[in-house]
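Written out below as structure tokens is the structure these notes cover.
Residue numbers (full-length UniProt numbering): 1 to 240.
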């Protein structure tokens, strides 16, 4: 699209039955934003959103939708995952909404002793007092009348359950990672094919290429997120 005789770009939707209010501009980038606000070339690739024909005028709008509606880009409802391999809270999507919730869980369930050093500033003073009392409570449990064999049997059962959960979680993450990689390369092949057929005048193909590129970018982010979760699940007990 070339400029008019006055050297300005005019939005093609500024005329007609329902004209927009975009003023003429000398900036080509502003003109492209005008077009995007009407054409909305950015699309969510989730099947439900495709059926609803959700379209967005910018990458920022699309990413905000993916983050808020689908928990992508590392900002899900429960992004803080437990670091203990095999824990059900280590599975993506089943973590904690806040960091201090995570450390409170690890301290109570896994006897994580270094939680005070890494705890969030949001932790209340009451919680801090409880932490200091824990060592005395544990000493009383050791010297109490509870039979040691019973505790050993309980821990053995817990260890077996943790091992089973660890195997299941690892297999699930491995399958998710494999699917994410396949989806990425399928999208990449489609994008390369579209680039081979694109021409300067084919606006429809330009939109397809743009949408495919955004999809490829999102799939890459998704792959790296799953890969990071898999690395955490194989991490030895405790923080690195």
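Built from N, CA and C at the ideal position, the CB exists for glycine as well.
- For a cut-off of 8 Å, the C-beta gap from residue 192 to residue 209 is around 10 Å, too long to register as a contact.
- Restricted to the region 56-111, not a single beta strand (DSSP E) segment is unbroken, complete and at least 3 residues in length.
- Ranked by Cα distance from residue 185, the first of 223, 162 and 200 is 223.
- The region 26-38 and the region 46-55 do not touch, with fewer than three beta-carbon pairs separated by less than 8 Å.
- In the structure shown, residue 42 falls within a strand segment according to DSSP collapsed to helix, strand and coil.
- In the pairwise beta carbon analysis, the region 57-70 is classified as not touching the region 187-207: fewer than three pairs are separated by under 8 Å.
- The three-state secondary structure of residue 10, taken from DSSP, is coil.
- Around the C-beta of residue 66, 16 or more other C-beta atoms lie within 10 Å, and the residue is accordingly described as buried.
- With a contact defined as Cβ atoms closer than 8 Å, residue 3 and residue 9 qualify at about 6 Å.
- Nearest C-alpha to residue 86 among 169, 108 and 111: 169.
- Distances from the alpha-carbon of residue 213 to those of 200, 188 and 229 put 188 closest.
- The beta carbon of residue 207 sits closer than 8 Å to those of 39 and 41, all from its chain and outside the five residues before and after it, given in chain order.
- The Cβ atoms of residue 70 and residue 46 sit closer than 8 Å to each other.
- One alpha carbon belongs to residue 83, the other to residue 94, and they sit about 12 Å apart.
- Going by DSSP, residue 51 is part of the alpha helix (DSSP H) stretching over 47-51.
- The beta carbons of residue 92 and residue 81 sit closer together than 8 Å.
- Counting of Cβ neighbours within 10 angstroms places residue 215 among the buried residues, the total reaching 16 or more.
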